[in-house]
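Novice: The structure is given below, and queries will be raised subsequently.
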Amino acid sequence: MAGTDDHTNTHGGSTADAGKGAAPGADPHVRTGLSLAATLLTGTVALYIALVAFGNITDFDTNQQFVRHVLAMDTTFQDPDLMWRAITSQPLQDAVYVAIIVWETAAALTLAVATVLWAIGPRRGGLARARLVSTIGLLMILVLFGAGFLAIGGEWFAMWQSKNWNGVEAAARNIMVAGIVLLVVHLPGTGGRTGRRGLSEPGGK
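This note's numbering applies: residue 34 is where the sequence shown begins, and numbers increase by one.
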């Protein structure tokens, strides 16, 4: 029995060595499950933001009015101390709206690419790249709805004061979803070159 153990360790392919390359307490099935979860969640967010962009393009007028009213601050409390922030130029308002659509489209394409990379990553060893591209796309969403809608729209243009044109709650939901997916993408069990190397190096010394 002892000879068998020595033989196994000599070839470096023992179960113990294999276990050192995985996250503590994890097994290959858990890693595969988390990678699948990252794939599906990234794809779901990609589909969602793609439909949002598509809706804004095909039904341009609806959210055009939303952006115009938010920037004009015409449905807020009309506080003179705040109204100097308002943007009343319609060409400038529409330019902001178009920029939002372009940003949404870019985020959707980025996350679509990330979804494909997650899907083919296990076969081609590209999980680290999938994680990177997912991170870029998800951060784009967080910037759009966090900095754009919550901070600039909600606070600077006092969108929270409006009863009819208030997108604060919707923005918060989008931030929550993107944030959760970002956390899942960065869990150690989702794989990726960096996570495996960092755990396997001590066992190789």
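Yeah, the Cβ is synthetic: ideal placement off N, Cα and C, and Gly gets one too.
1) Spatial neighbours of Ala-138 within its chain, please: CB distance less than 6 Å, with the 5 preceding and 5 following residues excluded, ordered by chain position.
2) Taking the straight line between their C-alpha atoms, what separation do you get for Thr-223 and Tyr-81?
3) Near Ile-169, what residues of its chain come up, given a Cβ to Cβ distance below 6 Å and the 5 sequence neighbours on each side ignored?
4) Classify Asp-107 as helix, strand or coil using the three-state DSSP reduction.
5) Assign Arg-206 to buried or exposed, taking buried as 16 or more other Cβ atoms, counted over all protein chains shown, within 10 Å of its Cβ.
6) Enumerate in chain order the residues of its own chain whose CB-to-CB distance from Arg-101 is below 7 Å, with the five nearest sequence positions on each side excluded.
7) Kindly provide the ranges of any alpha helix (DSSP H) runs that are 4 or more residues long and lie completely inside the region 153-212, ordered along the chain.
8) Could you spell out the range, first to last residue, of the alpha helix (DSSP H) harbouring Pro-113?
9) For the region 150-169 against the region 96-114, are there 3 or more C-beta pairs whose distance is under 8 Å?
10) On the three-state DSSP scale, how would you describe Thr-121?
11) Do Ala-191 and Leu-104 have their C-beta atoms closer together than 8 Å?
12) Assuming Leu-171 and Val-78 make a contact with CB atoms under 8 Å, what is their CB distance in whole Å?
13) Looking at C-beta atoms only, is the number of pairs between the region 208-216 and the region 178-189 that lie closer than 8 Å three or more?
14) Tell me which residues share the same chain as Phe-178 and place their Cβ nearer than 7 Å to its Cβ, disregarding the 5 neighbours each side in the sequence.
15) DSSP state of Gly-54, grouped into three classes?
Specialist: Quick look at the numbers:
1) Stepping through the sequence shown from its first residue, residue 138 is reached at position 105. For the record, residue 138 in the displayed sequence is Thr; it is not Ala. Hits under 6 Å: Ala-86.
2) As a position in the sequence shown, residue 223 is number 190, starting the count at 1. As a position in the sequence shown, residue 81 is number 48, starting the count at 1. Going by the C-alpha atoms only, they are around 22 Å apart.
3) Within the sequence shown, residue 169 is the residue found at index 136, counting from 1. For Ile-169, where only same-chain residues beyond five positions count, the Cβ hits under 6 Å are Thr-143.
4) If you number the sequence shown from 1, residue 107 lands on position 74. Asp-107: coil per DSSP, three-state reduction.
5) By one-based count along the sequence shown, residue 206 stands at place 173. The residue in question, Arg-206, is exposed, as its Cβ has fewer than 16 Cβ neighbours within 10 Å.
6) Counting from 1 along the sequence shown, the entry for residue 101 is found at position 68. Within the same chain, Arg-101 has close Cβ partners Gln-123 and Gln-126.
7) 160-175
8) Locating residue 113 in the sequence shown gives position 80, counting from the first residue. Pro-113 -> alpha helix (DSSP H) spans 113-116.
9) no
10) Taking the sequence shown and counting its residues from 1, one reaches residue 121 at position 88. Coil, per DSSP.
11) Taking the first residue of the sequence shown as position 1, residue 191 is located at position 158. Taking the first residue of the sequence shown as position 1, residue 104 is located at position 71. For Ala-191 and Leu-104, no; Cβs fall outside 8 Å.
12) Numbered from 1 along the sequence shown, position 138 holds the residue referred to as residue 171. Numbered from 1 along the sequence shown, position 45 holds the residue referred to as residue 78. Rounded, the Cβ-Cβ distance is 7 Å, consistent with contact.
13) yes
14) Taking the sequence shown and counting its residues from 1, one reaches residue 178 at position 145. These residues qualify, in order along the chain: Ala-204, Asn-207 and Ile-208.
15) Counting from 1 along the sequence shown, the entry for residue 54 is found at position 21. Caution is warranted here: a pLDDT of 41 is assigned to Gly-54, below 50, making its placement in the model unreliable, and no coordinate value can be reported.
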